[in-house]
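A short worksheet on the structure shown next.
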Amino acid sequence: MKVIKILAALVGGLPNTITLLIASFIFSSLIGIGVAFLSLQDDKVGKSVSRVYIGLVRGTPPLLMLLLTYYGLPKLLSFIGIDSNNWAKIIFGIFGLSVGWGGYMAEAFRSAYLSVDEGQIKAAYSVGMTGETALREIILPQAFLIAIPNVENLLIGLLKATSLVYVIGLADMYQNASNLSNVNQGVYQLKIFIILALIYWILASLIEWGFRTYQSHFAHVEA
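Those letters in the sequence shown? Residues 1064 to 1286, by our numbering.
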């Protein structure tokens, strides 16, 4: 089988892979920010909720999270009168990955916030900054930069996790590779999956390049 034919089949699933990656990254980041905020509050209820959520999602394999979402979410929604039977499978894929990765994002953001030098926070207060101003001008920008390496790793991990959506029947690159291998009775299996691995490697390299460029830009601005 020619490489171009394999590429054509695999790239056919690329739009779903990219959609899953971008949407899940956005929603998991929002979830992570919210959960990290709760964990940093003095409120015991908020802290307990964040701990339980982080513990559950970090202890649940991503594959299982997708299955729980695909089979469990429709039942939960039916209790409030929402019929999700006709929803596209990609919605469940995005939801499952977002909820699963939200716990990891929360820990990345929380640890980044706690890593900001306390002396700088005190210095901000000493020059008359309010808590809100210090948070906006001093704490969050530094916490954001500190979080970048962890977020980069999590995004690459999320890219690899998108290949798990085959369990809910969603046609992504991995699903297309499996189908192509099965059609040819596994004759070209190694060749197909080597090409698939190279595609994922290229995508991961692009993510790394993007984050390096972003960090270099901020380092140049700060200098």
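Don't be surprised by glycine CBs; every beta carbon is placed ideally from N, CA and C. Model, not experiment: these values are computed from the prediction.
Practice prompt. Find the nearest neighbour of M1128 within the set S1092, G1097 and V1162, judged by alpha-carbon distance.
Written response: V1162
Worksheet item: Between the C-alpha atoms of M1236 and M1192, what's the straight-line distance to the nearest angstrom?
Response: 51 Å
Worksheet entry | Nearest to L1218 (by Cα), restricted to the options P1204, W1272, K1110 and L1203 | W1272
Worksheet entry | Integer-rounded CB distance, given that P1125 should sit under 8 Å from A1224 | 5 Å
Item to complete: Pick out whichever of L1259, L1093, W1164 and A1086 has its Cα sitting closest to the Cα of G1118.
Response: W1164
Item to complete: Identify the continuous alpha helix (DSSP H) that holds T1123 and give its terminal residues.
Response: Taken as a continuous stretch (DSSP letters only), T1123 belongs to no alpha helix (DSSP H), as it is neither H nor E.
Worksheet item: For V1246, which of helix, strand or coil comes out of DSSP?
Response: helix
Worksheet entry | CA-to-CA distance, A1210 to F1172, given in whole angstroms | 6 Å
Worksheet item: How many Å lie between I1069 and P1212 at the Cα?
Response: 34 Å
Worksheet item: Do A1072 and L1243 have their CB atoms nearer than 8 Å?
Response: yes
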